[in-house]
Amino acid sequence: MKIWNQYLKRKRALFRSQYKTPAQLFDSACDMLIKCFAVCGGERMKPGYTRRNARLIFLVTDLILYLFVNAYSIAIVWGSLMDVVFCFVTLGIAIQGLAKIEAFTCPELNDLHLYNVARFKLDPRFPEVEDALFHTATLCKVFIRILAVAFSIVALAIYSYAIMMPLVEGELSLAFGFYLPFVDYRTPIGFAINWVYQFIQVSEGCMGLMACDSCLLFLIVNATGQMDLIIVYLRRLTELIDSNSFGQNDKQIADLLGEIVLKHLEHTKYVTDMDKLLKKQFFISFSCIIFELVASLAIVVRFPWYPGMAICLVCTIQLFVSCTLGTFLSSKNDKLVEEIYNVNWYGLSTNHQKTLKQMLLASQHPIVLSDGFSAIDLFNFVEIYKKIYSYLMVLQNVS
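Numbering follows the numbering used here, with no gaps: position 79 of the sequence shown is 577.
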């Protein structure tokens, strides 16, 4: 954590020298995100966007076609346990893709984005506010670069595997277990057509998942950034109260407290809208991930199936990152509650105490990210893996 904080500090100093305002830095990060989405036709945050664009129509058509291709491939390889499981696992990835397309091309996503952009363009009331905004924008910029590198490595690894397989095995062998109907992959031309088709699926998958995961990070980082600003305001409120010996700061205290409450209401609405937007997507993604992990592990415990091991690793990372983000959001809210407690309550009037008390109660029962059944956090990550273990044991006993 210390190394990470030092790295962020260096990056923040670098970005401060490159960008005059936090808004410019945030816009730069958003431009990178929009370019990633543009490859798949999902740049909802771009003005004038419509779902009726050729790139998105091609992607959705391709995914639907892929579902039929996968069903055909399952019928062809039926009887080979590893090949059937491989097809089912990649089928789950396609279903995840459709769920993410529905969520991350909704108009509601653009509403959240526009709120974030407007928040960065407001004149900072205190110097610490600008520091907090720079911190939020820095996180967005750093995270999208990290994800770009990570997904590029994944794509290169898959491409390398796809190229090396035929060379190592000495025969025309595809990296994935699905094949286009009526195209014999055992012939050179059929192999080339299927290889290009799989190459397109991998490219779209990596770019689309990177864009969606980056967007999720942007949303949650901005939610925590909103709480950072409220914390700054709460500390300033305490300073005003402590120096209000003769009531000279009464008007400033009332004004600042009103702004704190307003910002907290906006934050609550933001998180509520974000949860509504992502809930269905989380449920479908987690269901697919659990299925993929159980199916892959059922084979891995019997045979040294290397693609299955890679799938288990990727699914675990995907699940862990989502749950970590939920915990990050909850831990920031805990810090907000602590700062509310630290306010000099005795220096406030009775009405102001009641107002702050209502905000405290709302903070103690926050809106959290969920999949419709349980909160998304690291505790849920452990519970999910317990379920996966239970399902795996049932499969082992049945077989």
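Ideal placement from N, C-alpha and C gives every residue a C-beta, glycine not left out.
Where residue i falls: helix, strand or coil (DSSP)
{"i": "Ser872", "result": "coil"}
{"i": "Glu541", "result": "coil"}
{"i": "Phe649", "result": "helix"}
{"i": "Arg800", "result": "coil"}
{"i": "Leu672", "result": "coil"}
{"i": "Pro622", "result": "coil"}
{"i": "Pro679", "result": "coil"}
{"i": "Leu791", "result": "helix"}
{"i": "Tyr889", "result": "helix"}
{"i": "Ser783", "result": "helix"}
{"i": "Gln746", "result": "coil"}
{"i": "Tyr731", "result": "helix"}
{"i": "Thr636", "result": "helix"}
{"i": "Thr548", "result": "coil"}
{"i": "Leu715", "result": "helix"}
Straight-line Cα distance separating residue j from residue i
{"i": "Ala808", "j": "Val652", "result": "10 angstroms"}
{"i": "Ala655", "j": "Ile661", "result": "10 angstroms"}
{"i": "Lys509", "j": "Arg684", "result": "51 angstroms"}
{"i": "Ile788", "j": "Val812", "result": "12 angstroms"}
{"i": "Leu715", "j": "Thr636", "result": "12 angstroms"}
{"i": "Ile728", "j": "Lys518", "result": "23 angstroms"}
{"i": "Phe469", "j": "Leu893", "result": "This structure gives no information on residue 469, because the portion of the chain shown stretches from 499 to 897."}
{"i": "Met725", "j": "Phe784", "result": "28 angstroms"}
{"i": "His633", "j": "Phe676", "result": "45 angstroms"}
{"i": "Glu757", "j": "Glu626", "result": "16 angstroms"}
{"i": "Asp740", "j": "Cys528", "result": "40 angstroms"}
{"i": "Leu763", "j": "Leu834", "result": "14 angstroms"}
{"i": "Ile532", "j": "Ile782", "result": "24 angstroms"}
{"i": "Ile642", "j": "Arg549", "result": "24 angstroms"}
{"i": "Gly723", "j": "Phe513", "result": "17 angstroms"}
{"i": "Leu612", "j": "Leu858", "result": "27 angstroms"}
{"i": "Thr736", "j": "Leu817", "result": "40 angstroms"}
{"i": "Asp711", "j": "Ser650", "result": "14 angstroms"}
{"i": "Asn895", "j": "Ser578", "result": "20 angstroms"}
{"i": "Leu523", "j": "Pro622", "result": "15 angstroms"}
{"i": "Cys585", "j": "Tyr570", "result": "10 angstroms"}
{"i": "Lys507", "j": "Leu823", "result": "21 angstroms"}
Span of the alpha helix (DSSP H) around residue i
{"i": "Phe818", "result": "Tyr804 to Asn840"}
{"i": "Ile599", "result": "Leu579 to Phe602"}
{"i": "Ile865", "result": "Taken as a continuous stretch (DSSP letters only), Ile865 belongs to no alpha helix (DSSP H), as it is neither H nor E."}
{"i": "Tyr570", "result": "Ala552 to Val575"}
{"i": "Asn503", "result": "Lys500 to Gln516"}
Cβ-Cβ distance between residue i and residue j below 7 angstroms
{"i": "Ala873", "j": "Val866", "result": "yes"}
{"i": "Met937", "j": "Asn608", "result": "Nothing in the structure corresponds to residue 937, since the chain is present only between 499 and 897."}
{"i": "Ala630", "j": "Val730", "result": "yes"}
{"i": "Thr603", "j": "Gly546", "result": "no"}
{"i": "Met708", "j": "Leu754", "result": "no"}
{"i": "Lys767", "j": "Gly870", "result": "no"}
{"i": "Leu561", "j": "Cys538", "result": "no"}
{"i": "Arg734", "j": "Phe624", "result": "yes"}
{"i": "Val769", "j": "Leu890", "result": "no"}
{"i": "Leu750", "j": "Leu760", "result": "Correcting the residue identity first, residue 750 is Gln in this sequence and not Leu. Not closer than 7 angstroms, so no."}
{"i": "Ala592", "j": "Tyr564", "result": "yes"}
{"i": "Leu672", "j": "Tyr695", "result": "no"}
{"i": "Met580", "j": "Ile886", "result": "no"}
{"i": "Ala521", "j": "Lys639", "result": "no"}
{"i": "Ser794", "j": "Val587", "result": "yes"}
{"i": "Cys821", "j": "Gly590", "result": "no"}
{"i": "Gln746", "j": "Ala601", "result": "no"}
Query raised in the report: Where are the alpha helix (DSSP H) runs, 4 residues long or more, that stay fully inside the region 682 to 707, in chain order?
Result: none
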